[in-house]
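Chains as they are written, first to last, in the UniProt record's numbering: chain A, 1 to 248; chain B, 1 to 248; chain C, 1 to 248; chain D, 1 to 248; chain E, 1 to 248; chain F, 1 to 248. By construction, the Cβ of each residue, glycine as well, lies at the ideal position given by its N, Cα and C atoms. These numbers come from a predicted model, not from an experiment. Quick notes on the structure that follows.
Number of protein chains: 6
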Amino acid sequence: MTDTSANASVRPSGRRPDELRPIRLTRGFTRHAEGSVLVEFGETRVLCTASVESQVPPFLKGQGKGWVTAEYGMLPRATDTRSPREAARGKQGGRTLEIQRLIGRSLRAAMDLNALGERSITLDCDVLQADGGTRTASITGAWVALRDAIDGLLARGEITTDPLHTQIAAVSVGIVQGVAVLDLDYAEDATAETDMNLVMDGEGRFVEVQGTAEGVPFSRAELDALIAIGAAGIREIQTAQRAALEGA
Amino acid sequence: MTDTSANASVRPSGRRPDELRPIRLTRGFTRHAEGSVLVEFGETRVLCTASVESQVPPFLKGQGKGWVTAEYGMLPRATDTRSPREAARGKQGGRTLEIQRLIGRSLRAAMDLNALGERSITLDCDVLQADGGTRTASITGAWVALRDAIDGLLARGEITTDPLHTQIAAVSVGIVQGVAVLDLDYAEDATAETDMNLVMDGEGRFVEVQGTAEGVPFSRAELDALIAIGAAGIREIQTAQRAALEGA
Amino acid sequence: MTDTSANASVRPSGRRPDELRPIRLTRGFTRHAEGSVLVEFGETRVLCTASVESQVPPFLKGQGKGWVTAEYGMLPRATDTRSPREAARGKQGGRTLEIQRLIGRSLRAAMDLNALGERSITLDCDVLQADGGTRTASITGAWVALRDAIDGLLARGEITTDPLHTQIAAVSVGIVQGVAVLDLDYAEDATAETDMNLVMDGEGRFVEVQGTAEGVPFSRAELDALIAIGAAGIREIQTAQRAALEGA
Amino acid sequence: MTDTSANASVRPSGRRPDELRPIRLTRGFTRHAEGSVLVEFGETRVLCTASVESQVPPFLKGQGKGWVTAEYGMLPRATDTRSPREAARGKQGGRTLEIQRLIGRSLRAAMDLNALGERSITLDCDVLQADGGTRTASITGAWVALRDAIDGLLARGEITTDPLHTQIAAVSVGIVQGVAVLDLDYAEDATAETDMNLVMDGEGRFVEVQGTAEGVPFSRAELDALIAIGAAGIREIQTAQRAALEGA
Amino acid sequence: MTDTSANASVRPSGRRPDELRPIRLTRGFTRHAEGSVLVEFGETRVLCTASVESQVPPFLKGQGKGWVTAEYGMLPRATDTRSPREAARGKQGGRTLEIQRLIGRSLRAAMDLNALGERSITLDCDVLQADGGTRTASITGAWVALRDAIDGLLARGEITTDPLHTQIAAVSVGIVQGVAVLDLDYAEDATAETDMNLVMDGEGRFVEVQGTAEGVPFSRAELDALIAIGAAGIREIQTAQRAALEGA
Amino acid sequence: MTDTSANASVRPSGRRPDELRPIRLTRGFTRHAEGSVLVEFGETRVLCTASVESQVPPFLKGQGKGWVTAEYGMLPRATDTRSPREAARGKQGGRTLEIQRLIGRSLRAAMDLNALGERSITLDCDVLQADGGTRTASITGAWVALRDAIDGLLARGEITTDPLHTQIAAVSVGIVQGVAVLDLDYAEDATAETDMNLVMDGEGRFVEVQGTAEGVPFSRAELDALIAIGAAGIREIQTAQRAALEGA
């Protein structure tokens with residue numbers, strides 16, 4: 001059975017089971033994009049840029065509404081051993097497509113696309129250094145980049161109603177050696193029995209719950225434990241997001 | 001707030017919220033494969049074949065263990081309007097890759113790959129007709145095809161220990177007009193506020209929990225309601241799987 | 001030299017040289033397409049759907065005429081050993097392209113594309129189970145699906161002149177152990193010295209004659225023998241097509 | 001009905017119905033290949049090279065037998081209007097694949113692959129200028145290049161038995177304005193009701209018969225007329241092939 | 001140090017260091033293109049065609065100006081050992097893309113694209129036989145084909161101002177065994193310490209200078225020596241271009 | 001004619017014609033790679049990582065020598081307007097391939113590949129922010145990353161002879177409004193008449209000289225002026241490289 005109490009031996013980093021890694025959100029990391037945020041969850045670092053374009057995909061043309069989408073990439077040597085460059089291989093892998101679809105869906109859940117008008121915003125999440133949790137860090141950083149890009153549209157008077165109506169953040173949780181732990185780093189991720197990604201909004205509701213039994217299936221009690229520490233972690237992360245936005 | 005009681009107006013099909021569509025599992029649907037199952041959840045029909053091959057992917061060579069993987073496809077006119085053929089477009093879409101990764105992971109969770117020996121089993125899930133829930137029907141049918149393929153290996157003495165140690169089934173659940181409903185058909189799926197796919201093993205534990213807020217984010221109470229009706233539905237589906245296997 | 005008389009030893013199935021396998025044409029096999037026919041030539045089974053769309057390829061735009069085309073696919077385990085999925089390999093093979101070009105050309109030979117108006121009809125022929133003769137079965141089944149789709153257009157008053165002016169059917173013939181035989185199954189196809197596909201119209205004229213010496217080249221007398229039994233076989237198949245259409 | 005008598009008005013070139021264009025076969029057209037032949041049928045010009053390599057495709061490894069295959073290409077401006085370069089489009093079209101499969105099959109019909117030993121010979125047929133009949137010119141020229149390459153292997157003692165046991169040539173025939181004509185040029189090909197490619201061996205037997213009704217289906221009498229003039233034309237072409245080989 | 005004086009032992013061909021191979025420019029080599037030139041630098045032979053089309057790429061639409069671009073290809077057996085066909089591999093290699101970009105840029109440097117009007121001219125440079133210097137031969141031949149195509153536009157009155165305002169030619173130079181040599185053949189190219197391609201206009205100015213140290217880096221003195229013999233060689237080549245144009 | 005004297009009005013940045021932007025080389029920018037350098041030329045920022053792997057490409061197997069190669073990429077929003085992601089487009093563009101070939105060649109010119117042993121080192125150069133000169137910055141940064149990776153091999157005793165025998169750096173120069181200027185930023189690059197990239201070794205010799213007339217061809221005097229300021233600039237950059245290495 002699962003023991004969610006603190007257990008010194010469980011985490012290679014020495015963190016408590018419900019302890020996040022240090023979260024840093026650096027706005028304006030690059031200069032060209034309408035929003036540009038370097039998000040760090042410990043040693044995981046992702047550059048998230050928001051690009052506003054005055055056109056929408058063909059299926060939305062002429063409807064007066066906008067679109068928000070995401071693309072995800074990992075630099076070849078963001079990881080411990082070099083992975084082949086997807087551009088050179090000639091296609092994005094299944095994992096990449098799955099992650100960028102998740103990021104896009106998560107952010108669209110917070111958007112009133114009609115209020116955006118016929119514009120599209122692309123969130124590019126490029127992992128400079130990976131140490132577990134790159135997809136949840138991407139969602140977290142991309143929301144801040146999206147907030148900055150939309151604040152720019154509002155400030156320039158291009159739109160008058162804020163289309164981004166809630167705050168989105170994400171975290172990974174998992175069962176490691178029978179213990180529910182928050183914000184897994186790579187060493188934990190590689191040995192976790194169960195891995196779950198949670199995406200929540202500013203009202204504490206669920207946007208995505210994606211749990212996978214990597215090794216052994218998990219019980220209802222374990223599911224509840226994972227959701228509990230994940231929800232608490234997301235509240236902390238959302239505090240960090242707001243602090244970053246106030247710090248401009 | 002969510003009302004999970006029966007509500008006649010909610011389902012276009014007239015089903016109760018916790019009522020499955022008729023489930024049919026036809027074994028031996030085609031003749032060449034080691035396992036071949038036509039699975040039907042109402043009007044959704046998927047042909048699942050299991051192909052045993054005496055080789056493994058490069059990353060497993062020489063380790064004495066096996067591999068189970070899945071591929072998913074949809075015939076172009078399985079749907080109401082014709083979709084472009086992926087082979088003609090030159091690549092599988094993100095949705096396809098995501099689904100086939102899910103099917104493969106779900107079945108591997110039930111396998112002792114060492115007991116399989118240096119063999120691979122590919123589950124091909126091809127949707128002949130779609131009416132919602134094709135990925136959960138695929139997992140359900142593929143497990144029966146996998147069971148048949150492995151029974152063949154055992155019967156021929158190629159392996160002596162059964163590597164498939166639990167029963168896997170899946171179902172979709174969702175929130176439609178505020179009500180948690182089981183086994184969504186396409187009409188419901190298209191209007192659901194939240195859509196969740198559950199994969200469980202024979203001991204009632206979770207293998208995959210994949211919930212997505214299509215429209216509005218969902219609360220913890222809604223999550224609990226979805227899991228409750230999903231778990232009950234999967235028990236019924238597992239009964240149907242066992243009946244199909246006994247009917248040989 | 002070639003002996004075209006009946007020879008009990010020649011066919012693994014025990015069929016007479018000029019005997020077709022049982023032909024079955026099941027209309028309405030799936031529900032979404034404007035025409036949907038499962039065609040069976042013995043153990044060969046192909047699902048043929050006709051999809052009507054109100055647009056034409058770019059090279060025909062604005063000319064007031066329509067288009068009929070075909071796509072062909074084989075499920076990975078339609079055959080005795082699993083073939084790689086073309087969508088996963090990222091391209092359709094030469095054999096696939098050759099077959100779908102043949103199906104499309106054969107059906108267009110029966111069409112008045114001006115009478116169709118600016119519409120396209122795509123015939124998708126997907127092989128669920130293969131046992132020789134999949135391309136000729138596809139043409140035969142696709143013609144019935146096309147007939148159903150066009151009857152729908154006529155019934156709904158979308159077109160007023162029938163654009164499908166003749167009946168198309170096809171069969172394979174070959175020289176096996178020096179004997180001309182009709183409707184080869186896979187075992188015969190694999191050992192045939194010569195393989196020929198014939199496509200004919202309702203007036204007994206030729207639409208396609210495609211003969212290939214797989215092993216030894218064939219004489220004029222053999223060519224004549226092949227054409228004779230093929231033409232007779234196609235008349236029987238056309239009777240089966242008409243019976244299927246009347247049976248609705 | 002079809003009139004095969006000479007008819008001055010039928011052919012834009014003024015040729016008699018059964019008259020070939022001037023055939024030229026220039027051996028040693030380029031210097032690196034083991035066989036290199038520029039074949040000209042009137043204004044159609046194809047460079048055919050034979051490349052001998054000491055390896056075979058994976059499916060033949062270790063069997064002590066060889067392989068003969070072909071690739072076909074058309075320079076972008078070989079035609080009246082420029083066609084996109086297939087290398088730039090990222091794939092070979094269906095027509096290209098169909099033609100190169102035909103060339104390869106036709107030449108393999110003349111080969112004893114066991115006598116070739118574990119070697120492969122690739123015939124590259126690249127159209128420098130097109131004026132109809134590129135595929136039949138390719139087969140005709142490729143056979144001469146193959147003959148030269150094999151004579152080289154024999155002369156160097158790399159093989160001792162001649163694996164090329166018969167002479168292969170090809171021609172196109174067609175029905176133009178009701179008349180069966182030989183060796184169609186582009187102007188005729190574009191308006192032909194029926195188009196047929198014939199490939200024959202040195203004994204006058206058929207290797208390939210590929211007839212297609214482009215406009216109206218064709219009768220048995222028309223088929224016979226086409227085969228008759230085609231067979232006579234091929235005999236002339238084979239004489240030209242032998243003359244070219246003697247001219248070295 | 002580098003010795004640029006004549007040195008009999010340096011060149012396999014016995015040429016003087018500053019001696020070109022025989023240059024031949026055959027106009028009208030094929031019949032369909034607006035310009036068609038077979039260029040030969042010794043055994044290197046490239047077919048260069050210029051195709052005029054009355055449309056421009058999307059980024060230039062509606063600006064009233066034209067475009068000149070190039071595509072480059074090598075027949076598989078243009079070289080000593082067969083190279084895989086790029087169309088079959090599914091993509092053009094980096095070397096091909098680099099060369100065709102170079103050819104296009106070099107010719108655009110001589111063009112007033114406004115005077116061309118909304119037309120595009122594509123130069124296809126296809127190497128029939130390679131013996132070093134294919135890219136510089138391509139530029140040299142393509143300029144003559146371009147000149148012919150533009151003269152046609154002027155002659156037909158489609159344009160009234162000549163948009164091609166200077167003469168472009170190119171040559172390769174290199175350091176072989178310490179000696180600067182002109183117009184390297186393949187044997188020299190394979191052993192050169194430094195390889196440089198020069199493109200110059202009719203006024204003796206530089207359009208492209210592309211020098212690469214293949215083995216050892218080169219000094220300023222060597223650079224000067226290379227440029228000196230290259231410039232002299234280009235003057236000779238330009239004389240040959242003008243002679244070819246006058247010879248029509 | 002060209003005036004290379006200082007001219008306050010020429011450069012948007014106010015730099016003197018022969019003045020570099022601030023060069024920064026941050027070693028250890030990411031943690032996993034054997035060498036990891038963020039190189040900045042003003043606002044151009046490229047992350048260069050060196051990955052050592054104990055295998056070589058197929059063409060080098062079993063020869064006991066190593067390989068050095070490079071890959072280049074640009075994050076989609078490194079530039080002022082978003083560029084499509086090459087991994088999503090399914091291929092690397094011609095510009096990308098050209099640049100990565102240049103980086104690889106430049107570094108190999110400094111390597112004794114035999115001394116490296118059967119290992120490969122891949123330099124990944126990913127542009128985080130672009131403001132002109134990304135290819136020359138990449139070469140400059142990649143050399144430092146390569147130096148670090150090789151020092152690691154030497155320190156761990158994996159190799160005993162230093163295979164990197166000289167120092168490589170690069171810079172761009174150009175003619176802007178008739179003036180030769182050093183290290184062009186994007187605003188200059190977009191308007192330059194001529195653009196040249198120079199790569200030099202530690203002894204002041206040339207590794208690559210790549211000059212292109214973007215607008216008007218350039219004279220010999222201009223070429224000399226460009227080389228003079230480029231060579232001086234590279235000496236400064238090499239000083240910065242050595243300082244970065246000493247600063248570890």
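Legend entry - Start-to-end residues for the alpha helix (DSSP H) that takes in threonine 96(D): Your numbering for residue 96(D) matches position 96 in the fourth sequence. From DSSP, the alpha helix (DSSP H) with threonine 96(D) extends over 94-108.
Inset, instruction - Using a Cβ-Cβ cut-off of 7 Å, state whether proline 12(A) counts as contacting chain B. - result: Mapped onto the first sequence, residue 12(A) falls at position 12. No - not a single Cβ of chain B is within 7 Å of the one on proline 12(A).
Inset, instruction - Using 10 angstroms around the beta-carbon of glycine 132(A), count the other beta-carbons present and answer buried if the total reaches 16, otherwise exposed. - result: Taking the first sequence and counting its residues from 1, the one referred to as residue 132(A) is at position 132. Glycine 132(A) is buried by the Cβ-count criterion.
Inset, instruction - Note down, in chain order, each residue of its chain lying with its Cβ closer than 6 Å to the Cβ of valine 68(D), except the 5 sequence neighbours on either side. - result: Along the fourth sequence, one-based indexing puts residue 68(D) at 68. Counting only Cβ-Cβ distances below 6 Å, and skipping sequence neighbours, we find Leu107, Arg108, Met111 and Ile121.
Inset, instruction - Ignore the nearest five residues each way along the sequence and tell me which others in aspartate 3(F)'s own chain have a CB closer than 8 Å to its CB. - result: On the sixth sequence, position 3 is the one that residue 3(F) refers to. Low confidence applies here, because aspartate 3(F) scores a pLDDT of 47, under 50, leaving its location unreliable; read the following figure in that light. The residues are Gly178 and Val179.
Inset, instruction - Please compile the residues from chain B whose C-beta is within a distance smaller than 8 Å of the C-beta of leucine 107(A). - result: Position 107 of the first sequence holds residue 107(A). Under the 8 Å cutoff, chain B gives no residues; its nearest Cβ is about 12 Å from leucine 107(A).
Inset, instruction - Can you pull the chain E residues whose beta carbon is under 9 Å from the beta carbon of leucine 128(D), in chain order? - result: For the purposes of this step, residue 128(D) is identified with residue 128 of the fourth sequence, where counting begins at 1. Within 9 Å Cβ-Cβ: Phe29, Thr30, Leu47, Asp126 and Leu128.
Legend entry - Residues, ordered as in the chain, of the region 99-123 of chain E that lie near chain D by beta-carbon distance below 7 Å: Thr122
Legend entry - Closest by C-alpha distance to arginine 11(C), when choosing among Val176(C), Thr212(C) and Ser51(C): To locate residue 11(C), count along the third sequence from 1; it is residue 11. Looking at the Cα atoms, Val176(C) is the closest of the given residues.
Legend entry - Supposed contact pair arginine 31(D) and glutamate 43(E) - C-beta distance, whole angstroms, cut 8 Å: For the purposes of this step, residue 43(E) is taken as residue 43 along the fifth sequence, with counting starting at 1. For the purposes of this step, residue 31(D) is taken as residue 31 along the fourth sequence, with counting starting at 1. Right, the Cβ-Cβ distance comes to about 7 Å (below 8 Å), so this counts as a contact.
Inset, instruction - Please determine, among Gln210(C), Ala169(C), Glu222(C) and Ala221(C), the residue with the shortest C-alpha to C-alpha distance to glycine 204(C). - result: Here residue 204(C) refers to the residue found at position 204 when the third sequence is read from its first residue. Looking at the Cα atoms, Ala169(C) is the closest of the given residues.
Legend entry - Given 8 Å, three or more beta-carbon pairs between the region 214-227 of chain C and the region 147-157 of chain C: no
Legend entry - is_contact[alanine 6(A), chain B] using C-beta, thresh 7 Å: Residue mapping note: residue 6(A) aligns to position 6 of the first sequence, counting from 1. Low confidence applies here, because alanine 6(A) scores a pLDDT of 45, under 50, leaving its location unreliable and the question unanswered by this model.
Legend entry - Closer than 7 Å to chain A by CB, glycine 66(F): The count along the sixth sequence starts at 1 and reaches residue 66(F) at position 66. Cβ-Cβ to chain A under 7 Å: no for glycine 66(F).
Inset, instruction - Can you pull the chain E residues whose beta carbon is under 7 Å from the beta carbon of aspartate 201(F), in chain order? - result: Reading the sixth sequence from its first residue, position 201 is the one you call residue 201(F). Correct list: Pro217.
Legend entry - glycine 62(C) classed as buried or exposed, judged by whether at least 16 other C-beta atoms fall within 10 angstroms: Here residue 62(C) is taken as the residue at index 62 of the third sequence, counted from 1. Burial state of glycine 62(C) is exposed, judged by a 10 Å Cβ sphere holding fewer than 16 other Cβ atoms.
Inset, instruction - Return the CA-CA distance between alanine 232(B) and alanine 142(C), expressed in angstroms with no decimal places. - result: Residue 232(B) sits at position 232 when you count from the first residue of the second sequence. Residue 142(C) sits at position 142 when you count from the first residue of the third sequence. Cα to Cα, the separation comes out at about 43 Å.
Legend entry - Spatial neighbours of threonine 160(B) in its chain, beta-carbon cut-off 8 Å, leaving aside the 5 residues before and after: The residue labelled residue 160(B) in the question sits at position 160 within the second sequence. Correct list, in chain order: Leu154.
Legend entry - Rounded straight-line distance, which links the Cα of threonine 79(F) to that of glutamate 188(F): Here residue 188(F) corresponds to residue number 188 of the sixth sequence, with the count starting at 1. Here residue 79(F) corresponds to residue number 79 of the sixth sequence, with the count starting at 1. Roughly 15 Å separates the two Cα atoms.
Inset, instruction - State the beta-bridge partners of isoleucine 121(E) as determined by DSSP. - result: Here residue 121(E) refers to the residue found at position 121 when the fifth sequence is read from its first residue. Beta-bridge pairing links isoleucine 121(E) to Val52(E) and Val68(E).
Inset, instruction - Pick helix, strand or coil for alanine 137(D), following the three-state DSSP scheme. - result: By one-based count along the fourth sequence, residue 137(D) stands at place 137. Helix, per DSSP.
Inset, instruction - Mark glutamine 55(F) as exposed unless 16 or more other C-beta atoms lie within 10 angstroms of its C-beta, in which case mark it buried. - result: For the purposes of this step, residue 55(F) is identified with residue 55 of the sixth sequence, where counting begins at 1. The residue is exposed, with fewer than 16 neighbouring Cβ atoms inside 10 Å.
Legend entry - Minimum Cβ-Cβ distance from residue 253(B) to chain A less than 7 Å: Within the shown structure, residues of chain B are numbered from 1 to 248, placing residue 253(B) beyond reach of any answer.
Legend entry - Three-state secondary structure (DSSP) of threonine 239(E): Position 239 of the fifth sequence holds residue 239(E). Here threonine 239(E) sits in helix by DSSP.
Inset, instruction - In angstroms with no decimal places, state the Cα-to-Cα distance between glutamine 210(E) and leucine 198(E). - result: Residue numbering aside, residue 210(E) sits at position 210 when the fifth sequence is read from its first letter. Residue numbering aside, residue 198(E) sits at position 198 when the fifth sequence is read from its first letter. Rounded to whole angstroms, glutamine 210(E) to leucine 198(E) spans 7 Å at the Cα level.
Legend entry - Buried/exposed call for residue 296(B), threshold 16 Cβ in 10 Å: Nothing about residue 296(B) can be read from this structure; chain B reaches only from 1 to 248.
Inset, instruction - Specify, as a first and last residue, the run of the alpha helix (DSSP H) that leucine 113(F) falls within. - result: On the sixth sequence, residue 113(F) is found 113 positions in, with the first residue counted as 1. Here the alpha helix (DSSP H) through leucine 113(F) covers 113-116.
Legend entry - Three-state secondary structure assigned by DSSP to valine 37(E): Residue mapping note: residue 37(E) aligns to position 37 of the fifth sequence, counting from 1. Valine 37(E) falls in the strand class under three-state DSSP.
Inset, instruction - Could you tell me the distance, in whole angstroms, from the CA atom of leucine 226(C) to the CA atom of serine 172(D)? - result: Reading the third sequence from its first residue, position 226 is the one you call residue 226(C). Reading the fourth sequence from its first residue, position 172 is the one you call residue 172(D). Rounded to whole angstroms, leucine 226(C) to serine 172(D) spans 21 Å at the Cα level.
Legend entry - is_contact[glutamine 241(C), chain B] using C-beta, thresh 7 Å: One-based indexing of the third sequence puts residue 241(C) at position 241. So no, glutamine 241(C) is outside the interface.
Inset, instruction - Would you verify that the beta carbon of phenylalanine 41(B) is, or is not, closer than 7 Å to some beta carbon of chain A? - result: For the purposes of this step, residue 41(B) is taken as residue 41 along the second sequence, with counting starting at 1. It does not: the Cβ of phenylalanine 41(B) has no partner Cβ on chain A nearer than 7 Å.
Inset, instruction - Measure from the C-beta of glutamine 177(F) to each C-beta in chain E and report whether the shortest distance is under 7 Å. - result: Taking the sixth sequence and counting its residues from 1, the one referred to as residue 177(F) is at position 177. For glutamine 177(F), the answer is no, since every Cβ of chain E falls outside 7 Å of its Cβ.
Inset, instruction - Give the straight-line distance between the Cα atoms of serine 138(A) and glycine 93(F), rounded to the nearest whole angstrom. - result: Along the first sequence, one-based indexing puts residue 138(A) at 138. Along the sixth sequence, one-based indexing puts residue 93(F) at 93. One C-alpha to the other measures close to 27 Å.
Inset, instruction - Excluding the 5 residues preceding and the 5 following arginine 45(E) in the sequence, name in chain order all residues of the same chain whose CB lies nearer than 6 Å to its CB. - result: Position 45 of the fifth sequence holds residue 45(E). Excluding sequence neighbours, arginine 45(E) sits near Leu128 and Gln129.
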